[in-house]
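These notes concern the structure reproduced below.
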Amino acid sequence: MHWTEIAIIVFGLGVFGVEYLLLRLNGKTVSGQQVALNFSLGMIERLFALLSFSFGVWLFAKLIPYRVLPEIQPSWLNFAIAFVVVDLFWYLYHRISHRVSIIWVAHLVHHQPEEYNFSVNFANSPIGQLMRVVVYSPMILFGIDPEYMVLANVINAFYQALLHSELWPAWVGLERFIVTPHFHQIHHSSARAHLDKNYGGIFTIWDRLFGSYHDGREPVTYGLTKPIEQRDPFYVSSFYAARLIQNFRDYPFLKAFSLLFAGPEHQPAEMPRMYHAEVVYRPIVFVVGFAVFLTGFALTGVPQLPFWLSFSIAFSGIILSSGIVPLPPRAKAQRAEL
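Shown next as C-alpha cells:
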C-alpha cells in the first residue's frame, strides 16, 4: 500500500505535467502559485493519510463480527451493490460536507482553487479522508465485503479525478446518466446559480432524486464565494476551524455549538487571523520541497527507521514547498495598519 501511494503521487504529477503542456499549447495560463498550493495541500493529506489508513483497517476488522446481514453472494453481486452504494454514500457525505460547517472545514480545501485543472485533485484534507472511512464503514454491517467497498471507492475516486480538467470535449447527453466534466465544473463554481449543485460522483441520478441537479450553461467562476486572505497550505487547512472555535469566544455556548452544524452562509463574515506570513512562490524551492517530502514519505515505509524521523523529513518538505516567509514583528504591525 505504501509504495502504491508513492506511485499514485508520481502518476498524478505526470498527468498534470501533460495537461499543463496541453493547456499552454491551447494558450491558457496556469497559476504556478495555485498549483503549488494544491500540491502542498496534497502532501499534507497524503502524509496524514498514513494514519487514517491504519484506522480504517482497524475499524473495518472490528465491524465484521457485528454484521446484521451475512456477506452478499455471489461475489460479483457483492461488488455491484458496493459500487452503487458507495456512489450513493459519496453523494450523501458530499452534500452534508457542503451544508454542515464542522465538515465543510475539511472539504473547503478542495474548493479553494481558482483554476480548474488536474492539480485540484491534490487539494484535499486528511480530515476528509478520515470522515469518509467512518461514513462508509456501516456498509460492512450489511453484507458488503470491505475489499469490494475499498475497490469501489478507488474506482469512484479515480473517475472523479479524471473530471478535473477543462480539456475534455463536451459529453453531450451523458449528463442524464453519469457525471461529466462540465457537470462537475458547475459543482466547483461559486456563481450563485451553481451553489450546492451537482454533488454526484459517478451517477447523476442522486442529484435528480434529491433536487440538486443543474445542467445550465452559465459561465463558471471557480473558487470560494469569498477568497482566502492568506494562501498557504497551513492557513487554508485551518482558518475555517479557527472561525468555529472563535465563535465560542464571541457567542453564548449554545449559539456557537449550533453554528458547528449550520451552513457556511450562517458563519460571521470576519475570519480570525491566526498568523501573518508572506507566501512567495519560487518554482525551484517548490521542486526541492516536493523532493524532500517524497523522500521522507518513502522512508516512512522503511521499518528500520523511526517513524517520527521520516515523518519529520516529509513535513519539512511541505514547509519548504509552501512558500511561507515569516514576517518580522515590525512588518506584522505595518501590515495590520494597512
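The opening residue of the sequence shown carries number 0 in numbering that gives the first Met the number 0; numbering runs sequentially from there. Positions of the beta carbon are idealized from the N, C-alpha and C atoms, including for glycine.
By Cβ distance below 8 Å, which residues in the same chain neighbour residue i in space, the five residues on each side in sequence not counted?
| i | result |
| --- | --- |
| I350 | Past the edges of the chain, shown from 0 to 337, lies residue 350, and the structure says nothing about it. |
| S96 | I102, W103, A105, H106, G127 and M130 |
| Y212 | K196, N197, T203 and D206 |
Give the straight-line distance between the Cα atoms of residue i and residue j, rounded to the nearest whole angstrom.
| i | j | result |
| --- | --- | --- |
| Q303 | T294 | 15 Å |
| S118 | L150 | 23 Å |
| Y274 | L258 | 24 Å |
| V84 | E277 | 45 Å |
| L12 | F296 | 15 Å |
| S311 | S320 | 14 Å |
| E165 | N116 | 7 Å |
| V235 | P69 | 44 Å |
| E113 | G222 | 4 Å |
| W205 | T3 | 31 Å |
| Q72 | F306 | 40 Å |
| Y250 | N123 | 30 Å |
| L253 | A268 | 19 Å |
| L22 | G16 | 10 Å |
| F10 | V29 | 20 Å |
| E264 | V301 | 46 Å |
| K27 | H183 | 20 Å |
| G142 | D214 | 36 Å |
| Y65 | R175 | 38 Å |
| S74 | Y19 | 41 Å |
| T224 | I5 | 34 Å |
| F238 | L76 | 44 Å |
| I244 | A79 | 42 Å |
| H163 | I63 | 35 Å |
| W170 | L208 | 21 Å |
| V67 | W89 | 22 Å |
| E228 | I7 | 31 Å |
| V14 | L24 | 16 Å |
| F256 | A240 | 13 Å |
| S136 | V153 | 15 Å |
Report all residues from its chain with a CB closer than 6 Å to the CB of residue i; omit the five preceding and five following residues, and keep chain order.
| i | result |
| --- | --- |
| Y92 | V134 |
| A160 | N120 |
| P145 | F59 and I139 |
| F82 | A151 |
| W167 | P180 |
| R94 | Y198 |
| A35 | Y280 and F285 |
| H193 | I185 |
| Y147 | N77, F78 and A81 |
| G262 | R98 |
| S309 | G295, L298 and T299 |
| M270 | F238 and R242 |
| L173 | T179 |
The beta strand (DSSP E) with residue i in it runs from where to where?
| i | result |
| --- | --- |
| A276 | A276 to V278 |
Given residue i, which residues of its chain have a CB within under 7 Å of its CB, disregarding the five upstream and five downstream residues?
| i | result |
| --- | --- |
| P282 | G31 |
| V99 | F260 |
| G49 | The amino acid at residue 49 is misidentified as Gly; the sequence shows Leu. Closer than 7 Å at the Cβ level, and outside the excluded window around L49, lie T299. |
| V132 | S51, F54, G55 and L58 |
| Q266 | S100, R242 and L258 |
| I201 | D86, N155, Y158, I177 and V178 |
| Q33 | P112, E113 and E114 |
| V108 | L40, A122, N123, S124, V235 and S236 |
What are the boundary residues of the alpha helix (DSSP H) that residue i is part of?
| i | result |
| --- | --- |
| R94 | S74 to R98 |
| L62 | G31 to L62 |
| A339 | The requested residue 339 does not occur in the structure, where the chain is confined to residues 0 to 337. |
| T294 | P282 to L298 |
| G316 | F306 to S321 |
| L253 | F252 to L258 |
| L68 | No alpha helix (DSSP H) contains L68, which DSSP labels as neither H nor E. |
| D206 | I204 to L208 |
Would you say residue i reaches chain D, if we count a Cβ-Cβ gap shorter than 7 Å as a contact?
| i | result |
| --- | --- |
| N155 | Included in the structure is just one protein chain, with no chain D present. |
Can you determine whether any heavy atom of the ligand NAD sits closer than 6 Å to the C-beta of residue i, and answer yes or no?
| i | result |
| --- | --- |
| V291 | Here there are no bound small molecules, and the ligand NAD is not part of this structure. |
| message | For the region 182-193 against the region 211-225, do three or more pairs of beta-carbon atoms, one drawn from each stretch, fall closer than 8 Å, so that the two count as touching? | response | These segments touch.
| query | Curious, which full-length alpha helix (DSSP H) runs of at least 4 residues does the region 112-193 contain? | reply | Within the region 112-193, the complete alpha helix (DSSP H) runs of at least 4 residues are 125-135, 145-162 and 180-187.
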